[in-house]
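Worksheet for the structure shown next.
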């Protein structure tokens, strides 16, 4: 048996609200801690003392466990859900924060979880060395590109390029949060970055969505951004955070 553990924020079952798998039901394992503090993010970047875990998938009957959560406890929980509620989940979302900060724990955890369901990694697309250590253990990669206008970061383009070159070994999509201040050059640069690796990788333009499910970005501006990116890429979608519309976590 393993002696490993991980700092987690929550473990729950819900509907995926972003990216290519939007609308599918997943098990979400949210790791705490992040190497970035993006302006739009509503997830704590620092570790938390307690992790919330659903007892029954999707029923919000949370219990609290002290961090770090033993790896074997997590594996047992997911295995029990998979046996008790077969067929309801498409995959397991490994999210955060930034889960690749825990790449050593993921090397231990993912093979056991992948025995039950495919692994969907949600990441800010920066930690390319850490991704290389786990890329063979995941099935999907949803990678962010951090635009200066929405994230506040201006110097992560080179890291994104190296990251995407590794991520493209698996089924991958790229997501960029866009807002009223996003400029054309950011869309050009993002699309060029993706096209340099593979023009068929989907790009998701995600208008910033507040907690009430409101999008302030005008529809005509969304269309202009989609047109710009489509000069470079085969598939460009505009998808807000749909889970906020239906009151899901």
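Numbering (our numbering), first residue to last: 84 to 332.
Think of the CB as a built atom: it goes at the ideal place given N, C-alpha and C, for glycine as much as any other residue.
Quantities reported herein were computed from a predicted structural model and do not represent experimental measurements.
Item: With residue 260 as the anchor, note down where its alpha helix (DSSP H) starts and where it stops.; Value: No alpha helix (DSSP H) holds residue 260; the beta strand (DSSP E) holding it covers 254–261.
Item: Between the stretch 195–213 and the stretch 87–97, do three or more beta carbon pairs fall short of 8 angstroms?; Value: no
Item: Leaving out five residues on either side along the sequence, give the residues of the same chain with a beta carbon under 6 angstroms from the beta carbon of residue 195.; Value: 158
Item: Below 6 angstroms CB to CB, which residues in the same chain sit around residue 182 once its five sequence neighbours on both sides are set aside?; Value: 114
Item: For residue 145 and residue 225, what's the separation of their Cα atoms in angstroms?; Value: 27 angstroms
Item: Do residue 284 and residue 255 have their C-beta atoms within less than 8 angstroms of each other?; Value: yes
Item: My assumption, with CB atoms under 8 angstroms, is that residue 89 sits in contact with residue 190. Please give the rounded CB distance.; Value: That belief does not hold up - the Cβ atoms of residue 89 and residue 190 are roughly 11 angstroms apart, past 8 angstroms.
Item: If you draw a straight line from the C-alpha of residue 180 to the C-alpha of residue 107, how long is it?; Value: 21 angstroms
Item: Quick one: which unbroken beta strand (DSSP E) runs of 3-plus residues sit fully inside the stretch 214–245? Chain order, please.; Value: 223–227
Item: Looking at residue 270: is its Cβ nearer than 8 angstroms to the Cβ of residue 211?; Value: no
Item: Please report the residue range of the alpha helix (DSSP H) in which residue 188 lies.; Value: 186–197
Item: Within 10 Å of its beta-carbon, does residue 84 have 16 or more other beta-carbons around it, so buried, or fewer, so exposed?; Value: The predicted model places residue 84 with a pLDDT of 32, which falls under 50 and marks its position as unreliable; any figure quoted below should be read in that light. Residue 84 comes out exposed.
Item: At the level of alpha carbons, what is the spacing between residue 219 and residue 198?; Value: 14 angstroms
Item: Does the distance from the CB of residue 234 to the CB of residue 264 come in under 8 angstroms?; Value: no
Item: Apart from the five residues on each side of it in sequence, which residues of its chain come closer than 7 angstroms, Cβ to Cβ, to residue 325?; Value: 100, 105
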